[in-house]
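Participant:
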Amino acid sequence: MQQQTIAVLVNDYPGVLTRVSTLFGQRAFNIDSITVGGTEEAGLSRMIITTGGDDRQIDQLMKQLNKLIDVISVTNLSANSYVSRELALIKVSASPSQLAELNGIVEPFRAAIVDVGPTSLIVQVTGDTEKIDALLVLLQNYGVLELTRTGSVAMARSIVPATAAATV
Amino acid sequence: MSVEMAEIQKKNSIPPIQFGEEVSGAETLLRCLLLEQVEYIFGYPGGAVLPIYDSLYGSYFKHILTRHEQGAIHAADGYARATGKPGVCIATSGPGATNLVTGIATAQMDSVPLVCITGNVAQSLIGTDAFQEANITGITVPITKHSYFVRDVRDLPRIVKEAFHIATTGRPGPVLIDIPKDVANAIAPFTYPETVDVRGYRASVVPDDEEVQHFVTAIKAAKRPVIMAGGGIIAASADQELLAFAEKARIPVINTFMGLGGFPGVHELSLGMPGMHGNFTANQALLNADCVIGLGVRFDDRITMGRTKEFAPNARIVHVDIDPAELGKNVSTAVTVTGDVKSTLEKAIPLITACESEAWIRQLKDWQEKQPYKYKTDGDTLKPQAVIELLYRSTDGEAIVTTDVGQHQMWTAQYYKFKNARSFISSGGLGTMGFGFPAAIGAQIAHPERITIAVVGDGGFQMTNQELAIVSQYNIPVKVAIVNNQCLGMVRQWQELFYDNRYSQIDLTCSPDFVKLAEAYGVKGLRASTPQEAEAVWAEALAHDGPVVVDFRVAQEENVYPMVAAGNTLDQMELGDD
């Protein structure tokens, strides 16, 4: 069982998300995360869905998704090199006096403290899943009061030499 | 407007359709249906579809007023299966729409083209739990090929055009159009697109030449090949191509339940039906074949028994299907072709040569002779199998036969040798009791010149027998053959075999007197309890110019054999007592 990231280009109509998510339930696939948003073309949305499955299961999932009338295209991003990012907002139990100390922790992650209150502050971080998990481990020493994170947004890398396609 | 469209309107529409004329959404809908060459509509009116029924008043359409929406959709389904044309039904919002659900799921499972039109409350009331409001597009997401909620009357012509295109192309299926009442009442200039452009929908049917070449090469190498022909043969109208291909390649043919009639049941290469209640030879063919050629089949668990690794253990599986998602879904395949079976076989026939299969064919013939379907006759007791044999004999396999679901359905599949495509109409995938009788009405309307028999059980018939009203009202000459064993026979059989004879809730002995019930609706009713009575009564039924209900009182304890019990493999077949 491997985690796979599927990009699904769909019509931006009411009910399309229901059709896609229903298909997952109907065919006994699990959705680990799903993000939906606009695209370069008006009237279309792109769903980034992470799910688990072997090659045969993922092949069947992609074929079933392709059968939906509102689905324009389905791409398994995991089949090639791709860029993936999540966004997380983490509310940490801390006082303003601990700001500098926390800044020292979040800075190497290129994260930012975006809100400071009397007893808590909010850290904003973007990156791949592992990076966000790693920051969370560190922040848990202070006490994580609240966490909200998106699923992945992802995109296939441009067809360029491997050295130029290094993660940025 | 195209020449073809102009001809249609000239022929069918009085007054002629005027493009650009300001008309209501309801009138727009009916004009669109006319331009789609719809002849019959099966439906039931209600508050939310009053504008549509008002436009229907005095119009050119032949509307069949069923007595329940489920009857309407099953009738539309029967019409579609008998003709290959899309069936059309109308229901009102809320309960009217939800009463279509079983019929929509039935059509989806068996890939039947339907266009289901439902009314809904006005958009200003949507989401308020208004009277008779139901989110029918949401309810039916998993059981439709596609569905539309019409928000603007100006979208309606495009939506109807797309709905018919989607329902009938690629792998056929049901499409639902939900029309709020305010849209049905809204006025707009009438237009109708001549072409369809659904960006996300690619219904390609013609297979790639290279795939066909692989298909042919794989088959040529086989010594013990067998074709497993499914509902895709019938959906693609590929029965003649299948016949030509099988004869030229000398390959025996198994017809799945959904494929019955797709290859003549009396042909020397016909092996009949495989699977749970299939015959010995068809199952032995799958167990011993070196190449199984699946044509328009989905390797359903009633054939593989869900034991896909043990299914056809010695064979390379070659699979042709118009739906790419079916390829490799249930069984592992060696060669696949994406395309409809008609196009595939048209390309393959010139390339194929006869396989070295004569020894294999002789072996299969030997099995057929030694292990045919069989049952014990017992003096004056009327056996259900004998009833089906009587129906077959009396119609020479030429009738359209519909069924409900249960023992009678399996006996019909076993003992009626279907010669023609679109002659056997039954709910295969969903297994819908109550389907047979209304489906027969739709089929009979489509083919008034043919004998149409609804073989039903005493259980299933009571789910939709209110439609006796419409065979009476419209004098639709369906012959209803009730295989009446006074119980839920298939449930009884499973309780006998797997639940230690604990017959829980299967007793139907207090059913109505079906002869009197028929007569109450003004329909001729007859009864037979012995083989002799059955012969005489059935002859009377066939001679009667109108609908007839025949109550065949059959032995209650009869079981359907052969049988492969759930969880077993095809080599663990119980042949029944001799």
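Those protein sequences? They're chains S and P, same order as listed. For the record, in the first sequence the residue sitting at position 107 is 107 according to the UniProt record's numbering, with numbers rising by one throughout. For the record, in the second sequence the residue sitting at position 291 is 291 according to the UniProt record's numbering, with numbers rising by one throughout. In this text, a Cβ means the ideal position worked out from N, Cα and C, and glycines have one as well.
Give the DSSP-derived three-state secondary structure of P/Thr304 in the structure shown.
Facilitator: The answer is helix: DSSP assigns P/Thr304 an H, G or I state.
Participant: Apart from the five residues just before and just after P/Ile136, which ones in its own chain have a Cβ nearer than 6 Å to its Cβ?
Facilitator: Result list for P/Ile136: Ala97, Thr118 and Asp178, in chain order.
Participant: Can you give me, in chain order, the residues of the UniProt domain "Thiamine pyrophosphate enzyme central" (213-347) of chain P that have a beta carbon less than 9 Å from any beta carbon in chain S?
Facilitator: Residues Asp323, Pro324, Ala325, Glu326, Leu327, Gly328, Lys329 and Ser332.
Participant: What is the DSSP secondary structure of P/Asn568, counted as helix, strand or coil?
Facilitator: It is coil, neither helix nor strand.
Participant: Does any C-beta atom of chain P lie closer than 8 Å to the C-beta of S/Asp70?
Facilitator: Judged by the 8 Å Cβ criterion, S/Asp70 is in contact with chain P.
Participant: By the three-class DSSP mapping on this structure, what secondary structure does P/Phe61 have?
Facilitator: P/Phe61: coil per DSSP, three-state reduction.
Participant: Taking the DSSP output, what are the residues bridged to S/Thr129?
Facilitator: Beta-bridge pairing links S/Thr129 to no other residue.
Participant: DSSP three-state label for P/Glu22, please.
Facilitator: Of the three classes helix, strand and coil, the one that applies to P/Glu22 here is strand, per DSSP.
Participant: With DSSP as the reference, please indicate the residues paired to P/Asn484 in a beta bridge.
Facilitator: According to DSSP, which records beta bridges pairwise, P/Asn484 is partnered with P/Arg553.
Participant: From which residue to which residue does the beta strand (DSSP E) around P/Arg202 run?
Facilitator: Premise fails: P/Arg202 is in no beta strand (DSSP E) and is neither H nor E.
Participant: Taking buried to mean at least 16 other C-beta atoms within 10 Å of its own C-beta, is P/Phe19 buried or exposed?
Facilitator: So P/Phe19 ends up on the exposed side.
Participant: Over the uninterrupted beta strand (DSSP E) stretch that includes P/His319, give me the two end residues.
Facilitator: Arg316 to Asp321 is the span of the beta strand (DSSP E), which, as asked, contains P/His319.
Participant: Of all the options P/Gln556, P/Val456 and P/Glu21, which has the alpha carbon lying nearest to the alpha carbon of P/Val401?
Facilitator: Looking at the Cα atoms, P/Val456 is the closest of the given residues.
Participant: With a floor of 4 residues, list each alpha helix (DSSP H) that falls wholly inside the segment 23-69 of chain S, ordered by position along the chain.
Facilitator: You should have 55-67.
Participant: Check each residue of the segment 50-65 of chain S: if its Cβ is closer than 8 Å to any Cβ of chain P, include it; give the result in chain order.
Facilitator: Listed in sequence order: Arg56, Asp59, Gln60, Lys63 and Gln64.
Participant: In whole angstroms, what separates the C-alpha of P/Ala469 from that of P/Gln368?
Facilitator: Roughly 44 Å between the two C-alpha positions.
Participant: What would DSSP say about P/Tyr192, mapped onto helix, strand or coil?
Facilitator: Coil, per DSSP.
Participant: Output, in chain order, the set of chain P residues within a Cβ distance shorter than 8 Å of S/Gln26.
Facilitator: Under the 8 Å cutoff, chain P gives Pro142.
Participant: Taking P/Ala469 as part of the alpha helix (DSSP H), name the residues at either end of that continuous run.
Facilitator: That run of the alpha helix (DSSP H) goes Leu468 to Gln473.
Participant: If we count the other Cβ atoms within 10 Å of its Cβ and call it buried at 16 or more, is P/Thr168 buried or exposed?
Facilitator: So P/Thr168 counts as buried.
Participant: Classify S/Leu89 as helix, strand or coil using the three-state DSSP reduction.
Facilitator: In the structure shown, S/Leu89 sits in a strand (DSSP, three-state: E or B).
Participant: Name the chain S residues whose beta carbon is nearer than 7 Å to that of P/His146?
Facilitator: Those are Ile69, listed as they occur along chain S.
Participant: Bridge partners for P/Phe149 per DSSP, in chain order?
Facilitator: Answer by DSSP bridge pairing, in chain order: P/Asp178.
Participant: Whole angstroms is fine: what's the gap from P/Arg362's alpha carbon to P/Ala246's?
Facilitator: Each residue's alpha carbon lies about 16 Å from the other.
Participant: Which residue spans inside the UniProt domain "Thiamine pyrophosphate enzyme central" (213-347) of chain P form an unbroken beta strand (DSSP E) run of at least 3?
Facilitator: Correct list: 225-229, 253-255, 270-272, 291-295, 316-321 and 335-338.
Participant: Is there contact here, the segment 173-193 of chain P with the segment 324-344 of chain P, by at least three beta-carbon pairs under 8 Å?
Facilitator: Not touching, per the Cβ criterion.
Participant: Mark S/Pro161 as exposed unless 16 or more other C-beta atoms lie within 10 angstroms of its C-beta, in which case mark it buried.
Facilitator: Any reading at S/Pro161 must be qualified, since the residue scores a pLDDT of 46, below 50, and its modelled position is unreliable; the value itself is stated next. With fewer than 16 Cβ atoms within 10 Å of its Cβ, S/Pro161 is classed as exposed.
Participant: Among P/Ile453, P/Gln213, P/Glu358 and P/Gln240, which residue has its Cα nearest to the Cα of P/Ala541?
Facilitator: Answer by Cα proximity: P/Ile453.
Participant: For the 8 Å Cβ check, are there 3 or more pairs between the segment 435-454 of chain P and the segment 466-483 of chain P?
Facilitator: Short answer: they touch.
Participant: Rounded to the nearest angstrom, what separates S/Leu31 and P/Asp300 at their Cα positions?
Facilitator: Note that residue 31 of chain S is Ile in the sequence shown here, rather than Leu. Answer to the nearest angstrom: the Cα atoms are 26 Å apart.
Participant: For the beta strand (DSSP E) that contains P/Leu100, what are its first and last residues?
Facilitator: Neither: P/Leu100 is in no beta strand (DSSP E) and is coded neither H nor E.
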